[in-house]
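In numbering that gives the first Met the number 0, the protein residues as written are 0 to 479.
All C-beta atoms, glycine included, are put in the ideal place defined by N, C-alpha and C.
Heads up, the thing below is written out as structure tokens.
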Amino acid sequence: MQIKKLYITKTKFNNLPQECIVLIHVFYPEYSIELTSKEDRSDISIEINDDSFYIQLGKKCSSYRRQIDNDLRRQIKVALFERLVDQSGYYPPWGILQGIRPTKLVFKIKNTLSEKSSIPHILINDYKLSPKMANLALEVASYEEEFLQAPSASNRPLASIYVGIPYCPTRCLYCSFPSNGIEKYQQTHQEYMKALIKELDHILPLVHKKHALSALYVGGGTPTTLSANELENLLLAIHRSVPLDNFQEITVEAGRPDTITEEKLKVLKKYGIQRISINPQSMNQETLDLIGRKHSVDAIKDTFNLARKVGIQRINMDIILGLPNEHISHVEHTFKALEELMPSEVTVHTLAIKNSSRLKENQEAYSLANRDEMENILEYSREFLIHRMDMKPYYLYRQKNMVASYENIGYTSGQPCLYNMQIIEEATSIFAFGAGASTKIRNQKGQIERVENVKNVDIYIDRIDEMIERKRIYFTENKE
Ligand SMILES: C[S@@+](CC[C@H](N)C(=O)[O-])C[C@H]1O[C@@H](n2cnc3c(N)ncnc32)[C@H](O)[C@@H]1O
Ligand code: SF4
Numbered sequence: 000m001q002i003k004k005l006y007i008t009k010t011k012f013n014n015l016p017q018e019c020i021v022l023i024h025v026f027y028p029e030y031s032i033e034l035t036s037k038e039d040r041s042d043i044s045i046e047i048n049d050d051s052f053y054i055q056l057g058k059k060c061s062s063y064r065r066q067i068d069n070d071l072r073r074q075i076k077v078a079l080f081e082r083l084v085d086q087s088g089y090y091p092p093w094g095i096l097q098g099i100r101p102t103k104l105v106f107k108i109k110n111t112l113s114e115k116s117s118i119p120h121i122l123i124n125d126y127k128l129s130p131k132m133a134n135l136a137l138e139v140a141s142y143e144e145e146f147l148q149a150p151s152a153s154n155r156p157l158a159s160i161y162v163g164i165p166y167c168p169t170r171c172l173y174c175s176f177p178s179n180g181i182e183k184y185q186q187t188h189q190e191y192m193k194a195l196i197k198e199l200d201h202i203l204p205l206v207h208k209k210h211a212l213s214a215l216y217v218g219g220g221t222p223t224t225l226s227a228n229e230l231e232n233l234l235l236a237i238h239r240s241v242p243l244d245n246f247q248e249i250t251v252e253a254g255r256p257d258t259i260t261e262e263k264l265k266v267l268k269k270y271g272i273q274r275i276s277i278n279p280q281s282m283n284q285e286t287l288d289l290i291g292r293k294h295s296v297d298a299i300k301d302t303f304n305l306a307r308k309v310g311i312q313r314i315n316m317d318i319i320l321g322l323p324n325e326h327i328s329h330v331e332h333t334f335k336a337l338e339e340l341m342p343s344e345v346t347v348h349t350l351a352i353k354n355s356s357r358l359k360e361n362q363e364a365y366s367l368a369n370r371d372e373m374e375n376i377l378e379y380s381r382e383f384l385i386h387r388m389d390m391k392p393y394y395l396y397r398q399k400n401m402v403a404s405y406e407n408i409g410y411t412s413g414q415p416c417l418y419n420m421q422i423i424e425e426a427t428s429i430f431a432f433g434a435g436a437s438t439k440i441r442n443q444k445g446q447i448e449r450v451e452n453v454k455n456v457d458i459y460i461d462r463i464d465e466m467i468e469r470k471r472i473y474f475t476e477n478k479e
């Protein structure tokens with residue numbers, strides 16, 4: 000049966016039609032689903048009345064009694080989910096959840112319950128998660144709780160810092176990152192670094208005065224596109240406003256092995272950077288060539304060993320599952336190669352087909368794993384990391400447009416990355432610097448206020464004073 004047209008009664012829940020479309024799409028990713036009027040023929044119709052609602056799918060119509068009004072949106076999605084499971088024979092592991100932060104729901108349920116043991120029951124019954132995903136979400140949330148609830152010693156609110164370096168050697172096939180390749184780097188990086196350091200010089204002292212600092216994360220893009228000198232100047236600029244040893248954790252996301260040199264690693268070591276990422280994505284050479292990572296598998300291993308030799312102990316490695324032309328045998332090969340290196344953390348992403356990526360533009364040209372294959376691959380990765388590499392899942396998030404709607408999980412064999420947990424749980428204010436950086440300030444009510452920097456590098460350089468002013472207002476108005 001084709002499922003392309005949805006009719007739904009107008010409701011005060013403005014997002015409900017869109018949420019139903021997203022849910023249907025998880026079952027039938029091959030169709031683009033559109034809303035239709037009552038008169039048109041629809042494939043699914045949802046009619047909401049005062050004390051009941053109806054779902055018509057194919058020839059079968061089911062009626063449901065409406066319960067508490069403010070829970071109606073969830074009830075409709077659960078009923079729709081069950082009808083789609085019947086119709087398709089497929090059970091999506093994350094149930095009706097569409098948000099990117101499943102652990103937030105666990106914390107929400109926890110706050111309204113005294114019995115911890117009933118959380119998986121609620122996730123399974125009320126949100127239709129599979130038992131595996133319900134337990135995973137609970138395990139990650141319980142792990143995070145211990146780290147996120149630690150109060151700051153000074154009684155000042157905690158804040159972390161993000162610094163963005165929006166350059167890469169080349170743009171990878173799947174990435175939607177704005178294309179600031181090496182050419183753009185050559186044209187603009189000096190001006191960019193000047194603007195970035197100006198933003199840091201003006202705002203960091205204000206952050207430092209009001210907040211206890213938690214994590215520093217230098218990400219991108221690829222920060223090690225910068226020269227060793229530029230990296231050193233950046234770290235010194237931060238150190239001028241906040242002594243680097245004030246941070247509980249510092250990460251520099253080196254990322255691409257083709258940008259990492261011994262000189263740069265030594266700079267990082269000299270300034271006390273404890274954690275870096277060296278990201279393979281895959282340990283299969285044909286895949287690296289296909290996705291446009293212009294380096295060899297050996298380069299990944301060599302830079303990893305070099306970082307260890309220089310004395311950087313915490314090394315995370317990012318992997319993407321579901322990359323074009325990859326099957327379970329490729330993934331097995333990748334994980335066995337990781338096991339030989341034994342990084343302290345592994346972050347496993349499921350491929351997302353992002354708008355404005357080269358992959359999206361030319362998707363038909365690539366062969367992607369189907370749903371069953373992806374389920375095997377994900378199961379294999381969880382088993383391998385937990386049981387064979389003795390790691391624990393410590394943070395979890397989901398993205399739109401993932402192949403078959405799965406998840407991204409960070410695993411660690413020891414310490415978790417504070418910054419990753421903070422950004423997912425929105426537990427701490429994060430002041431972000433650089434083009435495209437998004438500051439999230441957590442106010443006393445726990446709400447998040449955002450201050451966005453412009454994405455485009457040239458515009459960021461031109462309008463740096465305005466970017467600074469937008470943040471400064473927050474401090475001068477003494478909002479907190
Ligand atoms: C913002 S990127 C920066 C990392 C660094 N530039 C690198 O490529 O090594 C962080 C991670 O997101 C993941 N990622 C990026 N695009 C993705 C996509 N379309 N689907 C799944 N994961 C993706 C990759 O694993 C990547 O290492
Ligand atoms: S995956 Fe990393 S290196 Fe590749 S384009 Fe995206 S940010 Fe740049």
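Nearest C-alpha to R72 among L267, L15, Q247, I249: L15.
In the displayed model, I259 falls within coil according to three-state DSSP, outside both helix and strand. When DSSP states are grouped into helix, strand and coil, I32 belongs to the coil group.
Considered as a whole, the stretch 315 to 371 harbours 344 to 349 as its complete beta strand (DSSP E) runs of no fewer than 3 residues, in chain order. Of the residues assessed, K470 falls on the buried side of the cut-off, its CB having 16 or more other CB atoms within 10 angstroms. In terms of Cβ geometry, I299 and P279 form a close pair [threshold 8 Å]. Per DSSP, the continuous alpha helix (DSSP H) segment holding F106 begins and ends at 101 to 110. In the same chain as K9, and ignoring 5 residues on each side of it, no C-beta atom comes closer than 8 Å to its own. For T221, the Cβ falls inside the 7 Å cut-off from some heavy atom of ligand 2. Three or more Cβ pairs drawn from the stretch 268 to 285 and the stretch 243 to 259 lie within less than 8 Å of each other, which places the two stretches in contact. Boundaries of the beta strand (DSSP E) harbouring E46: 43 to 47, taken from the DSSP string. Cβ contact annotation for I108 (same chain, cutoff 8 Å, sequence separation greater than five): I118, I121, L122, in chain order. Contact between F146 and M420 is confirmed by a C-beta separation of about 6 Å, below the 8 Å threshold. Excluding five sequence positions before and after T286, the CB atoms of its chain that fall closer than 7 Å to its own CB belong to L322, N324, E325, H329, given in chain order.
Fewer than three Cβ pairs drawn from the stretch 132 to 140 and the stretch 158 to 176 lie within less than 8 Å of each other, which leaves the two stretches out of contact.
Out of L128, V206, I196, the CA that lies nearest to the CA of L157 is found in V206.
A residue is called buried once 16 or more other Cβ atoms fall within 10 Å of its Cβ, and M0, having fewer, is exposed. In this structure, I32 places its C-beta atom within 8 Å of the C-beta atom of K3. Judged by their CB atoms, I272 and L225 are not nearer to each other than the 8 Å cut-off. Bounds of the alpha helix (DSSP H) holding Q421 are 417 to 424. Assignment of N407 by DSSP, reduced to helix, strand and coil, places it in the strand class. Rounded to the nearest angstrom, the Cβ distance from I408 to L395 is 5 Å, consistent with a contact under 8 Å. Distance between E338 and G310, taken at the CA atoms: about 20 Å.
Short note on H188: C-beta not closer than 7 Å to any heavy atom of ligand 1. Rounded to the nearest angstrom, the gap between the Cα atoms of I181 and A227 is 16 Å. The alpha-carbon of V266 is positioned some 19 Å away from that of H188.
With respect to the 8 Å criterion, Y410 and L384 are classified as neighbours on the basis of their beta carbons. Secondary structure at L225: coil, using DSSP grouped into helix, strand and coil. Judged by their CB atoms, L203 and V241 are nearer to each other than the 8 Å cut-off. Per DSSP, Q97 has no beta-bridge partner at all.
When Cβ pairs closer than 8 Å are counted between the two stretches, the stretch 456 to 473 is seen to touch the stretch 421 to 435, the count reaching three or more.
Counting along the chain, K193 sits inside the alpha helix (DSSP H) bounded by residues 181 to 209. Distances between the C-beta of I43 and the heavy atoms of ligand 1 are all 7 Å or more. In this structure, F176 has its CB closer than 7 Å to one or more heavy atoms of ligand 2. For T169 against K293, the beta-carbon gap comes to about 6 Å, under 8 Å, which counts as contact.
Around I327, the same chain offers N375, I376 as residues with beta carbons nearer than 6 Å, after the five sequence neighbours per side are excluded.
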